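**Q** The opening residue of the sequence shown carries number 206 in my numbering; numbering runs sequentially from there.
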Amino acid sequence: MSIWLRNLPSVHVLLEHEEVRKLIELQGRDRVKEAIQDIMSTMRQNHENYTFSNSQNVLDYIICQLKEQATLTHVTELKRVINATGTVLHTNLGRSPVAKLVMDKVAQIAQGYCNLEYDLNQGKRGYRDRPVEALLMQLTGCESALVVNNNASAVFLCLQALAKDQEVIVSRGEQVEIGGSFRVPDIIHASGCKMIEVGTTNKTYVEDYEKAISEETAMLLKIHQSNYRIKGFTHETSREDLIKLAENRQLIAIEDLGSGTFVDWRKYGLPYEPTVQEVLNKGMDIVTISGDKLLGGPQAGIIMGKKEYLDKIKRHPLMRMLRVDKTTLMALQEVLRLYVKGEHIEELPSLGMMSQSYVHLKKRGGELGLALSEKVNHLAVDLVDIEDQPGGGSLPDTWLKGVALSIALEMDSVDQVQAQLRRLHMPIICRVKDNKLLFSIRTIEVELEDVFLNELADVLKEVS
Ligand SMILES: *Cc1c(COP(=O)(O)O)cnc(C)c1O
């Protein structure tokens, strides 16, 4: 029997310890008490593995274990992080941030009652998508619109409601996978439709679609290639040809536009992408997009198009399962209002970040680098050029000219420092290249710059 076991403090005494009381405030007394009991029971069981010279050591050890466990819990909680990766729509980091002026409205609505399904004109039951639908009609000229959980469910719902047990024709050049769980063939099969693939990976002609049409065909589906591009010897059937064919054969033409946009990005120095209104104007029956990609809104799937089809979708039982809550609808309403007014669009964080100029980034980076080297002595910090990315499957093949703080570290400390950055109160997520930590300026939110500097300096002081 180890002698130090006699010095094991009582649970009661530990619970009164100053450090432990801090943990209780965060996690609750029961949880902390349980953790203490677990630690002490492990110590008793394996007592021969420990040596402590006095009772203070025993106490310190237990507190240290408790804090370590608390850090692990703290790391798994959902919380705000600083994105220094340079990928604007980082799916793992929650895609698009939503503008503060939008979220202030959301906070108000979430805290009380609202007219979610109550028609204030008539004093009777209303339809929850109505306000957002009205804005979408105004913005895009669509006849009707509705909102679901995300774009994957939007596509699924359209297929199931309009083409179940029938054939859907898709080009082999558009069989995309978007991050694991969204694969076009899987979605089509799961929705109960039969997928008919046409063309080849690099070339699909309108004749290929035409030849594949049968008695069983319900739909021609076009999908944004999102995260890749086929280059070289290629042919993509034009939207116009596809729409004309669908019209002639009385089929539904539907396009999954992926990120989707209401504004011409060329105004912001970004590459051309067809807008939703352009595609609908050409005669596409239905268009689906995500809410949290370049739109800069909350996670949502938006379906826009012809009333006859949308009415059918609205009556489908899946609608009830895929509908969104009042906070999502409020956020979407406020974001769409910004687009309708045409003001403050640059205030939408994703668009703002995407369109930041190199010169501006260089200026911000220079200031941050200077401030950091003033906080940490002998720090090897450089300002380097870097390629940022839109991300989220938007604008494939587009690289944004960016700037990063580059911090050189000892070879074996890079992983450790990165892990430390992930455990911070507000974790910092960055890139690593050749034993250098790279902090891309573009995606670091301006209002978090001070937190970023202070936290990073604290970690770097420890290692340098
Ligand atoms: C991103 C994307 C999706 C999936 O959208 P979610 O909103 O994440 O469900 C579907 N299709 C395309 C073309 C996309 O780019």
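Virtual Cβ for every residue (Gly too), placed ideally from N, Cα, C. From a predicted model like this one, the values you see are computed outputs, not experimental measurements.
#1: Would you check whether ligand 2 has a heavy atom nearer than 7 angstroms to the C-beta of ASP461?
#2: If we cut at 8 angstroms on Cβ distances, does GLU539 have a partner in chain D?
#3: Starting from MET526 and walking both ways along the beta strand (DSSP E), at which residues does that stretch end?
#4: Is the closest heavy atom of ligand 1 to the C-beta of LYS498 under 7 angstroms?
#5: What do you reckon, are the CB atoms on ARG628 and THR276 nearer than 8 angstroms?
#6: With a threshold of 6 angstroms on Cβ separation, who are the neighbours of LEU541 within its own chain once the five nearest residues in sequence on each side are excluded?
#7: From which residue to which residue does the beta strand (DSSP E) around GLN261 run?
#8: Could you give the DSSP three-state label for TYR563: helix, strand or coil?
#9: Round the Cβ separation of MET489 and ALA458 to the nearest angstrom and send it over; I've been treating them as touching at under 8 angstroms.
#10: What is the rounded straight-line gap between the Cα of ASN407 and the Cα of ASP530?
#11: So, helix, strand or coil for HIS440, using DSSP?
#12: Taking 8 angstroms as the cut-off, decide whether the C-beta atoms of ARG411 and ASP446 are in contact.
#13: What are the start and end residues of the alpha helix (DSSP H) that includes ILE392?
#14: Determine the extent of the alpha helix (DSSP H) in which MET245 is found, giving its start and end residues.
#15: Alpha carbon to alpha carbon, how far is LEU575 from VAL303? Give it in angstroms, no decimals.
#16: Could you please give the first and the last residue of the uninterrupted beta strand (DSSP E) stretch that includes LYS511?
#17: Helix, strand or coil: which one does DSSP assign to PHE644?
#18: Tell me the DSSP secondary structure of GLU372 in three-state form.
#19: Around the Cβ of ALA703, are there at least 16 other Cβ atoms within 10 angstroms (buried) or fewer (exposed)?
#20: Quick one, are the C-beta atoms of LYS519 and LEU351 less than 8 angstroms apart?
#21: Among residues of its own chain, excluding the 5 on either side of ASN355, which ones have a beta-carbon nearer than 7 angstroms to its beta-carbon?
#22: Measuring CB to CB, does GLU460 end up less than 8 angstroms from LYS427?
#23: Between VAL564 and ligand 1, is the CB less than 7 angstroms from at least one heavy atom?
#24: From this set, LEU325, LEU456, THR603, GLY397, which residue's C-alpha is nearest TYR477's C-alpha?
#25: Examine the Cβ distances between the region 564-582 and the region 260-278 and report whether three or more of them are shorter than 8 angstroms.
#26: Buried or exposed, going by whether 16 or more other CB atoms sit within 10 Å of the CB of GLN561?
#27: Nearest CA to the CA of LEU381: which residue from LEU367, GLU650, ASP309, ALA357?
#28: Suppose the cutoff is 6 angstroms on Cβ atoms and the five residues either side in sequence are ignored; what does the same chain contact list for GLN270 look like?
#29: Look at the Cβ atom of ALA613, then the Cβ atom of ASN640, and state whether they are nearer than 8 angstroms.
#30: Helix, strand or coil for LYS606? Go by DSSP, reduced to three states.
#31: So, at 8 angstroms on beta carbons, what are the nonlocal neighbours of VAL608 in its own chain, with the 5 sequence-adjacent residues on each side left out?
#32: Taking C-beta to C-beta, are LEU367 and GLU415 nearer than 8 angstroms?
#33: Could you compute how far the alpha carbon of SER611 sits from the alpha carbon of LYS517?
#34: Pop quiz: SER419 and GLY598 are said to be a contact at Cβ under 8 angstroms. What is the actual Cβ separation, rounded to whole angstroms?
#35: Cβ atoms of CYS347 and LEU485: under 8 angstroms apart, would you say?
#36: GLN313 lies in the alpha helix (DSSP H); which residues open and close that run?
**A** Taking the structure as given:
#1: Inclusion of ligand 2 in the displayed structure is not the case, the ligand content consisting of ligand 1 alone.
#2: Reference to chain D is not applicable here, since this structure consists of a single protein chain.
#3: For the purposes of this step, residue 526 is taken as residue 321 along the sequence shown, with counting starting at 1. MET526: not part of any beta strand (DSSP E); member of the alpha helix (DSSP H) spanning 523-527, first to last residue.
#4: Counting from 1 along the sequence shown, the entry for residue 498 is found at position 293. Yes - ligand 1 has a heavy atom lying nearer than 7 angstroms to the Cβ of LYS498.
#5: Taking the first residue of the sequence shown as 1, we reach residue 628 at position 423. Taking the first residue of the sequence shown as 1, we reach residue 276 at position 71. In this structure, ARG628 places its C-beta atom within 8 angstroms of the C-beta atom of THR276.
#6: Looking up residue 541 in the sequence shown gives position 336. Around LEU541: LEU340.
#7: In the sequence shown, residue 261 corresponds to position 56, counting from 1. Where GLN261 is concerned, there is no enclosing beta strand (DSSP E), although the alpha helix (DSSP H) it sits in stretches over 260-281.
#8: Taking the first residue of the sequence shown as position 1, residue 563 is located at position 358. Of the three classes helix, strand and coil, the one that applies to TYR563 here is helix, per DSSP.
#9: Taking the first residue of the sequence shown as position 1, residue 489 is located at position 284. Taking the first residue of the sequence shown as position 1, residue 458 is located at position 253. Sure, about 5 angstroms apart at Cβ, within 8 angstroms.
#10: In the sequence shown, residue 407 corresponds to position 202, counting from 1. In the sequence shown, residue 530 corresponds to position 325, counting from 1. Whole-angstrom Cα-Cα distance: 41 angstroms.
#11: Against the sequence shown, residue 440 aligns to sequence position 235. Strand at HIS440.
#12: Translated into positions along the sequence shown, residue 411 becomes position 206. Translated into positions along the sequence shown, residue 446 becomes position 241. Going by the sequence as given, residue 411 is Val instead of Arg. Contact: yes.
#13: Reading the sequence shown from its first residue, position 187 is the one you call residue 392. Where ILE392 is concerned, the enclosing alpha helix (DSSP H) starts and stops at 389-395.
#14: In the sequence shown, residue 245 corresponds to position 40, counting from 1. Residue range 234-250 is occupied by the alpha helix (DSSP H) that includes MET245.
#15: Here residue 303 is taken as the residue at index 98 of the sequence shown, counted from 1. Here residue 575 is taken as the residue at index 370 of the sequence shown, counted from 1. Roughly 29 angstroms separates the two Cα atoms.
#16: Counting from one through the sequence shown, the residue named residue 511 turns up at place 306. No residue range can be given for LYS511, since it is assigned to no beta strand (DSSP E) and is classified by DSSP as neither H nor E.
#17: To locate residue 644, count along the sequence shown from 1; it is residue 439. Annotated three-state conformation of PHE644 is strand, per DSSP.
#18: Counted from its first residue, the sequence shown places residue 372 at position 167. GLU372: strand per DSSP, three-state reduction.
#19: Past the edges of the chain, shown from 206 to 669, lies residue 703, and the structure says nothing about it.
#20: The residue given as residue 519 occupies position 314 in the sequence shown. The residue given as residue 351 occupies position 146 in the sequence shown. Against a cut-off of 8 angstroms, the Cβ pair of LEU351 and LYS519 comes out as a contact.
#21: Position 150 of the sequence shown, counting from 1, holds the residue named residue 355. Around ASN355, the same chain offers SER495, GLN504, ALA505, GLY506 as residues with beta carbons nearer than 7 angstroms, after the five sequence neighbours per side are excluded.
#22: The count along the sequence shown starts at 1 and reaches residue 460 at position 255. The count along the sequence shown starts at 1 and reaches residue 427 at position 222. The Cβ-Cβ distance between GLU460 and LYS427 falls below 8 angstroms.
#23: The residue given as residue 564 occupies position 359 in the sequence shown. Not so, every heavy atom of ligand 1 lies at least 7 angstroms from the Cβ.
#24: Along the sequence shown, read from residue 1 onward, the residue named residue 477 stands at position 272. TYR477 has its Cα closest to that of THR603, out of LEU325, LEU456, THR603, GLY397.
#25: Taking 8 angstroms as the limit for Cβ pairs, the verdict is that the region 260-278 does not touch the region 564-582.
#26: As a position in the sequence shown, residue 561 is number 356, starting the count at 1. Flag for GLN561 reads buried.
#27: Taking the first residue of the sequence shown as 1, we reach residue 381 at position 176. Going by the sequence as given, residue 381 is Val instead of Leu. Each of LEU367, GLU650, ASP309, ALA357 was checked against the Cα of VAL381, and the nearest Cα belongs to ALA357.
#28: For the purposes of this step, residue 270 is identified with residue 65 of the sequence shown, where counting begins at 1. Only ILE244 meet the Cβ criterion.
#29: Looking up residue 613 in the sequence shown gives position 408. Looking up residue 640 in the sequence shown gives position 435. Going by C-beta atoms, ALA613 is nearer than 8 angstroms to ASN640.
#30: Counting from 1 along the sequence shown, the entry for residue 606 is found at position 401. Of the three classes helix, strand and coil, the one that applies to LYS606 here is strand, per DSSP.
#31: In the sequence shown, residue 608 corresponds to position 403, counting from 1. Excluding positions up to five away in sequence, the list reads TYR563, LEU566, LYS567, ARG569, GLY570, LEU588, VAL589, ASP590, ILE591, SER645, ILE646, ARG647.
#32: Mapped onto the sequence shown, residue 367 falls at position 162. Mapped onto the sequence shown, residue 415 falls at position 210. With respect to GLU415, LEU367 sits apart: the two C-beta atoms are not nearer than 8 angstroms.
#33: Residue numbering aside, residue 611 sits at position 406 when the sequence shown is read from its first letter. Residue numbering aside, residue 517 sits at position 312 when the sequence shown is read from its first letter. So the two alpha carbons sit approximately 55 angstroms from each other.
#34: Position 214 of the sequence shown, counting from 1, holds the residue named residue 419. Position 393 of the sequence shown, counting from 1, holds the residue named residue 598. Their Cβ separation, rounded to whole angstroms, is 32 angstroms, which puts SER419 and GLY598 out of contact at 8 angstroms.
#35: To locate residue 485, count along the sequence shown from 1; it is residue 280. To locate residue 347, count along the sequence shown from 1; it is residue 142. A Cβ-Cβ contact shorter than 8 angstroms links LEU485 with CYS347.
#36: Here the question's residue 313 lines up with position 108 in the sequence shown. Run containing GLN313: 305-315, per the alpha helix (DSSP H) assignment.
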